[in-house]
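Quick note, the sequence shown lines up with residues 1 to 177 if you use the UniProt record's numbering.
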Amino acid sequence: MSEAIYMRKATLNDLDTVMEIVENARALLKADGSEQWQGADGYPTRLTFQMDIEGGYCWLLMYGNEIVGTATLMTQGDAHYMHIVNGKWNRPGHPFATIHRVAISGKYRGKHFANYIMSHMITLAYDAGVRNFRIATHDKNDRVHNLVQNFGFVKRGQVYTGPTDRDLRNVYELNLD
């Protein structure tokens, strides 16, 4: 690799590119046999990412001047993670950040760019004073399961990310000092 690799906040001008990456990731998840991002509601939608961008939560992984990936970082936590089932948090009641909607461009898949995203998301939140991290993923999303475990996240149980049984996700936690 011969280009700078860095993160920057997404702007609304990036929304079309973000959605191209997400649609590519959606197709990959389907090919992997995962139901994640396959619902009739189209989640995550263009509006989801527009709101992430407007809230300052959506980040882009850059390789030179090209957008190669995206992720959402919420340093104030997420209400979906307050109630855990089939397990327990290591640090319940402590402030936490959540990492959502990680996706890499198909053009750059297999080059370990997801590692850069995870490292940057953890660093950004840590710099903001956060020491506890949570991430949820579908049972069949082996790519994310492997990624987070390689970063020291520990599976803690499951959370509901929506109102139905289809919204039950495995959840991981990372605690730093």
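Note that CB positions come from ideal geometry on N, CA and C, so glycine has one too.
From a predicted model like this one, the values you see are computed outputs, not experimental measurements.
**Request:** Report all residues from its chain with a CB closer than 8 Å to the CB of G64; omit the five preceding and five following residues, and keep chain order.
**Result:** By 1-based counting over the sequence shown, the position of residue 64 is 64. Excluding residues within five positions, the ones whose Cβ falls inside 8 Å are E3 and A4.
**Asked** Would you call the CB atoms of W59 and A10 closer than 8 Å?
**Response** Locating residue 59 in the sequence shown gives position 59, where the first residue counts as 1. Locating residue 10 in the sequence shown gives position 10, where the first residue counts as 1. Against a cut-off of 8 Å, the Cβ pair of A10 and W59 comes out as a contact.
**Request:** Using 10 angstroms around the beta-carbon of Y6, count the other beta-carbons present and answer buried if the total reaches 16, otherwise exposed.
**Result:** Position 6 of the sequence shown holds residue 6. Answer is exposed; the Cβ neighbour count stays below 16.
**Where A25 falls, given that 16 or more other Cβ within 10 Å makes a residue buried** = Position 25 of the sequence shown, counting from 1, holds the residue named residue 25. Classification of A25: buried, given that the 10 Å Cβ count is 16 or more.
**Request:** Compute the minimum distance between the beta carbon of Y81 and the heavy atoms of the ligand PLP, and state whether it is under 7 Å.
**Result:** Looking for the ligand PLP in the displayed structure turns up nothing, as the structure carries no ligands at all.
**Prompt:** Over what stretch of residues does the alpha helix (DSSP H) that includes I122 continue unbroken?
**Reply:** Here the question's residue 122 lines up with position 122 in the sequence shown. From DSSP, the alpha helix (DSSP H) with I122 extends over F113 to D127.
**Asked** If you compare alpha carbons, which of I117, R166 and T123 is closest to Q36?
**Response** Counting from 1 along the sequence shown, the entry for residue 36 is found at position 36. When each option's Cα is compared against that of Q36, the closest is R166.
**Message:** Between the alpha carbons of M19 and M74, how many angstroms are there, rounded?
**Reply:** Working through the sequence shown from its first residue, we reach residue 19 at position 19. Working through the sequence shown from its first residue, we reach residue 74 at position 74. Roughly 19 Å between the two C-alpha positions.
**Message:** Once the 5 residues before and after A114 are set aside, which same chain residues still bring their CB inside 8 Å of it?
**Reply:** For the purposes of this step, residue 114 is taken as the residue at position 114 of the sequence shown. Only G69, V102, I104, R143 and L147 meet the Cβ criterion.
**Asked** Would a C-beta distance cut-off of 8 Å place H80 and Y172 closer than the cut-off?
**Response** On the sequence shown, residue 80 is found 80 positions in, with the first residue counted as 1. On the sequence shown, residue 172 is found 172 positions in, with the first residue counted as 1. No, the pair does not count as a contact, with Cβ atoms beyond the cut-off.
**Request:** Taking only beta-carbon positions, decide if C58 is within less than 8 Å of chain C.
**Result:** Going by chain labels, chain C is absent from the structure shown, which holds only one protein chain.
**Request:** On a CA-only basis, which of M82, N141, A128 and K107 is nearest G162? Give me that one, please.
**Result:** Numbered from its first residue, the sequence shown carries residue 162 at position 162. Checked all of M82, N141, A128 and K107; the closest Cα to G162 is M82.
**Top-ranked residue by Cα proximity to L176, from V130, F49 and A27** = Here residue 176 corresponds to residue number 176 of the sequence shown, with the count starting at 1. The shortest C-alpha separation from L176 is found at V130.
**Message:** Let me make sure I understand the geometry here. Which of I84, G87, R8 and I99 has the alpha-carbon closest to that of M62?
**Reply:** Stepping through the sequence shown from its first residue, residue 62 is reached at position 62. Nearest option by C-alpha distance: R8.
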